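Undergrad:
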Amino acid sequence: MTAVSVAKDSVAATDELVVLKNVNKHFGALHVLQDIDLTITRGEVVVVIGPSGSGKSTLCRTINRLETIDSGEILIDGKPLPQEGRELARLRADVGMVFQSFNLFAHKTVLENVMLGQVKVRRTDKKKAEDKARTLLDRVGVGTQADKYPAQLSGGQQQRVAIARALAMGPKVMLFDEPTSALDPEMISEVLDVMQQLARDGMTMVVVTHEMGFARSAANRVVFMADGRIVEQAAPDQFFSNPRSDRAKDFLSKILHH
Amino acid sequence: MNVLLDHLAEFREGFIGTVLLTLASGLLAMTLGVVIAGFRVSPVPPLRMFGTAWVTLFRNTPLTLLFLIAWFVVPVIFVPGLSPWTKALLALSFYTSAFVCEAVRSGINTVPLGQAEAARSLGMTFTQTLRMIVLPQATRTVIAPLSSIFIALTKNSAIAGAFSVTELFGVQKLLSDKGFPITWIFLWVALGYLVVTFSISGLFRLLERRLGVAR
Ligand SMILES: Nc1ncnc2c1ncn2[C@@H]1O[C@H](COP(=O)(O)OP(=O)(O)OP(=O)(O)O)[C@@H](O)[C@H]1O
Ligand SMILES: [Mg+2]
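Below you can see the structure in the form of structure tokens.
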């Protein structure tokens, strides 16, 4: 009986995929992240919104340690983020990241972009990696572009390739930092569609975005940040129709009037 | 004219000496330069410090002084019994590597930071990121400065002649000591250097064009 409850407890514990405990970070005198506590469970889709400069990107980047933190703790699937080095590299492979500016490898073809991590980091053999890459490229709708270089693709296509590249690693969680902000309006929806599908498939996602439509339809939770703090967290419907904090009300009135 | 024909063997030997010394120190300098450039952008502070110290030391010391050190200090303090050719190789390539390093580093800085961040977030290590993502994209910008560095190296290798290593410039001394007309000797020696330096700039122009297409 006790054995069973222990087992249940450990399942419950591993359900917390990303945990930030009392995280603080400074850029010189600027206190960008202030006492951040955030827990993301497996399969959850969390949208982070907030005014420019509030620390959303920084928060996102600390989760795979592209930015170091000054104090506090970050756990991925129960393991604390290690120091820079091989172990951190291995852990990063489990955390997919999609950037605002795509950052596809400019000297490699689309197919090579999606294969590289599998072959060099996961040590998958070339044939398998290629099959998986082609499947993923088809899934995000750019299968026919496999042999082109990134510069030959539209922004929307590049971003979908970037998503495929991250997915190829079989990540436990995907981080998106304003994935549609650099896109022309007609390309935004093609990227959001891919992300919607990913959310429906049960991927754990942290998405920094100002796309309220996406937040409403795909997110389980909205996290509102201002001045380096998490000011408010709520289910999307509740947050958008009835924000509690003045900061959130002010912010929403501004973006909804555009 | 006669000087050349009568001493073709010496000229040829000197020419080959220059080519070999330039080639060998070029290769060593290139390897060292890239590795040290890697050190200079590495996340490990001691490596960065080593890289900075290396560049500061070898870029700011006159080459002749490095030759003197290689000849008179290295055998006493470090490794005795090096051949003059090896000592010339070390002096030339350490000196040149500092310049190669800085050229490569400035090339690295032209590659957008996002490229390295994307590689790191895929789980690639620092070395993998540098080797597979950053350096290949830095290559094109590095080629023009490298061409100048290797031409300078060719001419710098003349110093080895003064240290009794057989190379083109040394031939001049040998023959003018024997009383042959200096103008002609100089002309032929200069022509020899031109052949080497023209080949280098030709080769690098070719590389530049090739890489221009690949992108
Ligand atoms: N590398 C850095 N060095 C110094 N300051 C930085 C650095 N990166 C970000 N900052 C500062 O930290 C603050 C938070 O930046 P961050 O990019 O996290 O904001 P954000 O919420 O993502 O804003 P945006 O909506 O404009 O993307 C900003 O004031 C920014 O200027
Ligand atoms: Mg941002």
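Heads up: the sequence lines are chains A and B, in that order.
Start counting the first sequence at -4; every next residue gets the next number (the working numbering).
Start counting the second sequence at 30; every next residue gets the next number (the working numbering).
Just so you know, even glycine gets a beta-carbon here, dropped at the ideal spot from N, CA and C.
Given the structure is predicted, the values throughout are model-derived calculations rather than measurements.
(1) So, with DSSP's three-state summary, where would you put Ser228 (chain B)?
(2) Along chain A, which residues have their Cβ under 7 Å away from the Cβ of Thr85 (chain B)?
(3) Determine the closest residue to Leu162 (chain A) out of A:Leu187, A:Lys127, A:Tyr144, A:Val186, with distance taken between C-alpha atoms.
(4) Going along the chain, which residues of its own chain have a beta-carbon closer than 8 Å to the beta-carbon of Asn19 (chain A), five neighbours each way excluded?
(5) When you measure from the CB of Ala199 (chain A) to every non-hydrogen atom of ligand 1, does any distance come out below 8 Å?
(6) Please report whether the beta-carbon of Leu12 (chain A) lies at a distance below 9 Å from any beta-carbon of chain B.
(7) Using beta-carbon positions only, say whether Val201 (chain A) and Val168 (chain A) come within less than 9 Å of one another.
(8) Nearest chain B C-beta to Met198 (chain A) closer than 9 Å, yes or no?
(9) Output needed for Phe234 (chain A): all residues of its chain with C-beta closer than 6 Å, excluding positions within five of it in sequence on either side, in chain order.
(10) Cβ of Arg244 (chain B) less than 9 Å from any chain A Cβ?
(11) What are the uninterrupted segments assigned as beta strand (DSSP E) that are 3 or more residues long and contained completely in the segment 176 to 250 of chain A, given in chain order?
(12) Which of the three DSSP states, helix, strand or coil, is assigned to Ile71 (chain A)?
(13) Under 8 Å, with one C-beta from each stretch per pair, do the segment 57 to 67 of chain B and the segment 126 to 140 of chain B reach the 3-pair mark?
(14) Which residue wins for smallest C-alpha separation from Gln263 (chain A), given the options A:Arg224, A:Arg239, A:Ala177, A:Ala221?
(15) Which same chain residues, not among the five before or five after Val186 (chain A), have their C-beta less than 7 Å away from its C-beta?
(16) Which of the three DSSP states is assigned to Leu15 (chain A) in this structure?
(17) Given a cut-off of 9 Å on the beta-carbon distance, is the pair Phe198 (chain B) and Ala187 (chain B) in contact?
(18) Could you name the residues of the same chain whose beta carbon sits closer than 6 Å to that of Leu57 (chain B), not counting the 5 residues immediately before and after it, in chain order?
(19) Does any residue of chain A bring its CB to less than 9 Å from the CB of Ile180 (chain B)?
(20) What residues from chain A crowd round Ile162 (chain B), counting only those whose CB sits closer than 7 Å?
(21) Kindly indicate if chain B contains any beta-carbon less than 9 Å away from that of Val18 (chain A).
(22) Within its chain, find whatever has a CB closer than 6 Å to the CB of Asp89 (chain A); leave out the 5 residues flanking it on each side and keep chain order.
(23) With Gly48 (chain A) as the anchor, note down where its alpha helix (DSSP H) starts and where it stops.
(24) Roughly how many angstroms separate the alpha carbons of Phe107 (chain B) and Asn89 (chain B), rounded to a whole number?
(25) Just to make sure I have the definition right: I need the residues of chain B whose C-beta is within less than 9 Å of the C-beta of Ser96 (chain A). Which are they?
(26) Does the distance from the C-beta atom of Gly46 (chain B) to that of Val194 (chain B) stay below 9 Å?
(27) Just reading off the alpha helix (DSSP H) that Ile188 (chain B) is part of, what are its end residues?
(28) Distance check for Phe233 (chain B) and Val13 (chain A), CA to CA, integer angstroms please.
(29) Which word fits Gly23 (chain A), buried or exposed, when buried means at least 16 other C-beta atoms lie within 10 angstroms of its C-beta?
(30) Which residue comes first and which comes last in the beta strand (DSSP E) that contains Met169 (chain A)?
(31) Residues of chain A with CB under 7 Å from Arg69 (chain B), in chain order?
(32) Would DSSP call Phe78 (chain A) helix, strand or coil?
(33) May I ask you to check if the CB of Gln140 (chain A) is nearer than 8 Å to at least one heavy atom of ligand 2?
(34) Hey, does Ala189 (chain B) have any beta-carbon neighbour from chain A nearer than 9 Å?
(35) Between which two residues does the alpha helix (DSSP H) holding Thr130 (chain A) run?
(36) Identify whether Arg238 (chain B) lies in helix, strand or coil by the three-state DSSP scheme.
TA: Taking the coordinates as given:
(1) helix
(2) Correct list: empty, because the minimum Cβ distance to chain A is about 26 Å.
(3) A:Lys127
(4) His26, Leu28, Gln29, Asp30, Ile31, Ile64, Asp65, Ser66, Gly67
(5) According to the sequence displayed, residue 199 (chain A) carries Thr and not Ala. Checking the Cβ of Thr199 (chain A) against ligand 1 gives no.
(6) no
(7) In contact: Val201 (chain A) and Val168 (chain A) (Cβ atoms closer than 9 Å).
(8) Closer than 9 Å: no.
(9) Val217
(10) Any reading at Arg244 (chain B) needs caution, since the residue's pLDDT is 46, under 50, leaving its predicted position unreliable; the model's value is listed next. Yes - at least one Cβ of chain A is within 9 Å of the one on Arg244 (chain B).
(11) 199 to 203, 216 to 221, 224 to 229
(12) strand
(13) In the pairwise beta carbon analysis, the segment 57 to 67 of chain B is classified as touching the segment 126 to 140 of chain B: at least three pairs are separated by under 8 Å.
(14) For chain A, the structure presents residues -4 to 253; residue 263 (chain A) sits outside this window and is missing.
(15) Contacts found: Gly151, Gln154, Arg155, Pro174, Thr175, Leu178.
(16) strand
(17) yes
(18) Ser122
(19) no
(20) Phe100
(21) no
(22) If we look at Asp89 (chain A) and ignore the five residues flanking it on each side, its Cβ neighbours are Pro166, Lys167.
(23) No alpha helix (DSSP H) holds Gly48 (chain A); DSSP gives it neither H nor E.
(24) 22 Å
(25) Pro141, Gly143
(26) Yes; because the gap between Cβ atoms is below 9 Å, this pair is in contact.
(27) 187 to 191
(28) 50 Å
(29) exposed
(30) 168 to 172
(31) Near Arg69 (chain B) there are no residues of chain A at all, since even the closest Cβ is about 17 Å away, more than 7 Å.
(32) Looking at the sequence itself, residue 78 (chain A) is Gln, so the reference to Phe does not match. It is coil, neither helix nor strand.
(33) no
(34) no
(35) 121 to 134
(36) helix
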